[in-house]
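Residue numbers (this note's numbering): 1 to 84.
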Amino acid sequence: MQTQIYEEIVKLQSRGILTIPKKMREGLFDEAGIVRMKRLGRKLIIEPVKTLSYVVRSYTDREVQEFFDLDDQETKKLKTKGLI
1 MQTQIYEEIV KLQSRGILTI PKKMREGLFD EAGIVRMKRL GRKLIIEPVK TLSYVVRSYT
61 DREVQEFFDL DDQETKKLKT KGLI
């Protein structure tokens, strides 16, 4: 499948503000959404960021290791019972 390229020239306003044309925003960005911006050489890449409506917990390295250890133990038990 070939990607369609849409191009438009916009004016950079004071303080670096620019408006992404509606035709480019539609179906890609949510109103009042969050975007990730990257500079790649002389190009600026703007990508939509999907956020969750709830808080996601972060785990410590120790907790992650405990999960892996428990998974190893459970896997061994299931193998001895012939379930996996």
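By construction, the Cβ of each residue, glycine as well, lies at the ideal position given by its N, Cα and C atoms.
Just to confirm my understanding: we take Leu28, look at its own chain, exclude 5 residues before and 5 after, and list those with CB closer than 7 Å. What are they? By the criterion of a C-beta distance shorter than 7 Å, Leu28 is surrounded in its chain by Pro48, once the five residues flanking it on both sides are discounted.
Leu44, enclosing beta strand (DSSP E) - first and last residue: From DSSP, the beta strand (DSSP E) with Leu44 extends over 43 to 49.
So what does DSSP say about Lys38, is it helix, strand or coil? Lys38 sits in a strand when the DSSP states are folded into three classes.
What would DSSP say about Phe29, mapped onto helix, strand or coil? Reduced to three states, the DSSP call for Phe29 is coil.
So, are the CB atoms of Ile46 and Val35 less than 9 Å apart? Going by C-beta atoms, Ile46 is nearer than 9 Å to Val35.
In this structure, does DSSP put Lys11 in helix, strand or coil? When DSSP states are grouped into helix, strand and coil, Lys11 belongs to the coil group.
Selection from Tyr6, Ile5, Ile20 that minimises the alpha carbon distance to Leu12: For the residues Tyr6, Ile5, Ile20, the minimum Cα distance to Leu12 belongs to Ile20.
By DSSP, does Gly16 sit in helix, in strand, or in coil? It is helical.
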